[in-house]
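K.L.:
Residue numbers for the sequence shown follow my numbering, so the first one is 481 and each next one is one higher.
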Amino acid sequence: MINPKLCPFCGNENLCEAHIPNNSCWCNTIKVPMELRELIPQENRMKACICKKCILSFQEDSENFIKKLHYKI
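#1: Name the residue from M481, N494, P484 and N483 whose alpha carbon lies nearest to the alpha carbon of C534.
#2: Going by beta-carbon coordinates alone, are C496 and C529 separated by less than 7 angstroms?
#3: In the DSSP assignment, find the unbroken alpha helix (DSSP H) run with S537 in it and report its ends.
#4: Smallest Cα separation from F538: which of E523, P513 and N483?
#5: Out of W506, I510 and N524, which one is the CA nearest neighbour of P484?
#6: Measuring CA to CA, which of M481, F545 and A498 is closest to R517?
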C-alpha cells in the first residue's frame, strides 16, 4: 500500500500540503516531467506526490536518476 506522504521513488516525506484547503503547496508550482511520472508503476500513480528533491534530480540528470532507481529495484 502506498503512503501518500512518502515519495514513491526515495521513500522520504514528500512534504506535500496540497490536501490542505486554501494552501498553495510547492507541488502546484513545479513542473513534473511526464517521463518521471511514467517511471511510477501504473497501480501506484496519482497516489503520492514525488518529492521536490527527486523531481529536481531527474530534471538535472534523468539518465543518472533512472540508473539509481534501477539499482534499488
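From the three backbone atoms N, C-alpha and C, an ideal C-beta is built for every residue, glycine too.
P.N.:
Let's see:
#1: C534 has its Cα closest to that of N494, out of M481, N494, P484 and N483.
#2: Their beta carbons are under 7 angstroms apart, which means C496 touches C529 by this criterion.
#3: Note, S537: alpha helix (DSSP H), K532 to E540.
#4: When only C-alpha atoms are compared, the closest one is P513.
#5: It is N524 whose Cα lies nearest to the Cα of P484.
#6: The candidate whose alpha carbon is nearest that of R517 is F545.
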